[in-house]
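These notes concern the structure reproduced below.
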Amino acid sequence: MGFVPLDHEHTMWNGHDSMEEDEIGHSEETHPLLVNASHPKFRFGIKKRQFRQGNDLFNYEDKYPEDPIYHETAPNARVWRTYADESVIFDANMVEDSRDSVDVLLVFAGLFSAVVSTFVTQASQSLSADYTQISASFLFELVAIQRALASGATVDTVNSSPYDPSSVFVPSIGSIWVNGLWFTSLVLSLTTALIAVLVKQWLHYYIALPSGTPRERSHVRQFRYMGFQQWHVLVIVGLLPVLMHIALAIFFVGLVVFLIPLRVSLSWIVGSISIIVYAAYMITAILPIISPQCPYHIPLSDLTYATYTYLTQHLIPRFCFSLNNTFGNATSTTTQDGPAPKEVNTLKRLESEAVKAISDNLSVEALH
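Just so we're aligned, residue 1 is where the sequence shown starts under the UniProt record's numbering, counting upward by one.
This is the structure:
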């Protein structure tokens, strides 16, 4: 009771038989019981999400009319509209990922720079003479002289101050190292923040296409995308976290050097923790290369894998080829220009090949 037969419901939902709908006399909204229980509009009093019915957004043959003959590349042709829609989706994903990474870096760089600035302010005082301590030393010497005179002793028995205001102050080696490391860390952090701001401006310019026909916009977008790849903008975005991590490592080294004259045991503890943290950091950069399924993927992993493939596929084969030519053992498979270098794969390509290798097992697991 309250259910419509399957064929009758299907006819009413798709609107293919208006006669039967008129016989019912009420729409779905006035009689909610005339809806199959497997597709309720409300669940626990909350309205269910209504999925879009009709043409597929990615079915461009239905979305855009067919072009007249000999007008397939006209300014408003279907191919340019399709290209514009697909490029908007592609660019939105690419720019959103880059913006998220840059926004996180800006926050981290700002907080880190504030912390380092506090340490630098304190440590930089050791690079110049401490006139407060000098004044206190001379005052102590003056009091000692007055006491000696009052007791009838000679002034020669009073120890003179070790400070000489006329001499040139020379900071200690430890102070120079600490300030050098912390100032370097601060400069790298501020440089990262500056480049991050520039990257946000580059991304804004990239997606801000001028008005015009779909063909004109497609040409401008493709022109900018080619420049985006040629000038390695995404590589710069990927190197920003690495630059920030280097700044953090330099700060840790300076912190250890700063703690050595204060408390050696404390410097050992801080140094050990820093070494463990960055050892784990390097391991996470290498693990995705060893196992493509490893989720510990960081920007340094791409750089490490690119260096590894260049060494193994280009530099080492050329070196071996030179040795073979030198000792006269060149094989017939090599040419005078050296062996043909293999294509340098990326981690995404490595992951894709690993997925293809076990695609059957993945299908079973996904549909299990």
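The C-beta atom is built at its ideal place from N, Cα and C for all residues, glycine as well.
Arg215 is the residue among Pro295, Arg215, Leu303, Ala306 whose C-alpha sits nearest the C-alpha of Pro75. Here Leu203 is buried, its C-beta having at least 16 other C-beta atoms within 10 Å. For Tyr206, the three-state secondary structure derived from DSSP is helix. Taking a cut-off of 8 Å on C-beta distances, the segment 104 to 123 touches the segment 190 to 201, as three or more cross pairs fall below it. A direct Cα-to-Cα measurement between Ser87 and Leu209 gives close to 11 Å.
It is roughly 37 Å from the alpha-carbon of Tyr308 to the alpha-carbon of Ser117. Separation of Ala306 and Gly238 (C-alpha to C-alpha, rounded to the nearest whole angstrom) is 13 Å. Considering only Phe252, Arg263, Val120, the residue with the shortest C-alpha distance to Val277 is Phe252. The C-beta of Leu188 has 16 or more other C-beta atoms within 10 Å across all chains shown, which makes the residue buried. The Cβ atoms of Arg224 and Tyr206 lie closer than 8 Å to each other. Where Val168 is concerned, there is no enclosing alpha helix (DSSP H), because DSSP gives it neither an H nor an E. In chain order, Tyr281, Leu300 place their CB closer than 8 Å to the CB of His245, counting only its own chain and leaving out the 5 sequence neighbours on each side.
The C-alpha of Val233 lies about 44 Å from the C-alpha of Val264.
For Thr82, the enclosing alpha helix (DSSP H) stretches over residues 78 to 123.
Exclusion of the five residues before and after Leu186 leaves Ser113, Val116, Ser117, Val120 as the residues of its chain whose Cβ lies within less than 7 Å of its Cβ. Cβ-Cβ distances below 7 Å link Trp177 to Val257 in the same chain, with the five nearest sequence neighbours on each side left out; the list follows chain order.
Judged by DSSP in its simplified three-state form, Arg147 adopts helix. Using a Cβ distance threshold of 8 Å, Ala285 and Ile298 count as a contacting pair. A direct Cα-Cα distance of roughly 10 Å separates Ser272 from Ala279.
By the Cβ neighbour-count rule, Asp97 is exposed, with fewer than 16 other Cβ atoms within 10 Å of its own.
Here Thr213 has Pro75, Asn76, Trp80 as same chain residues with Cβ atoms under 8 Å from its own Cβ, once five neighbours each way along the sequence are excluded.
By the neighbour-count criterion, in which 16 or more other beta carbons inside 10 Å mark a residue as buried, Ala247 falls on the buried side. Following the DSSP letters along the chain, one finds Ser301 inside the alpha helix (DSSP H) bounded by residues 299 to 310. In the structure shown, Gly212 adopts coil according to DSSP, grouped into three states.
A direct Cα-Cα distance of roughly 32 Å separates Asp85 from Pro292. A residue is called buried once 16 or more other Cβ atoms fall within 10 Å of its Cβ, and Leu240 is buried on that count.
Within 10 angstroms of the beta-carbon of Ile250 lie 16 or more other beta-carbons, which makes it buried. The shortest CA-to-CA distance from Asp302 to any of His314, Cys294, Ile289 is the one to Ile289. A distance below 7 Å between beta-carbons, with the five flanking residues on each side excluded, links Glu72 to the following residues of its chain, in chain order: Val79. Taking 8 Å as the cut-off, the Cβ atoms of Leu287 and Val270 do not count as close. Scanning Glu66, Asp91, Pro68 for the CA closest to the CA of Met226 turns up Asp91. Judged by their CB atoms, Asn159 and Ser124 are not nearer to each other than the 8 Å cut-off.
In this structure, Ser126 places its C-beta atom within 8 Å of the C-beta atom of Pro171.
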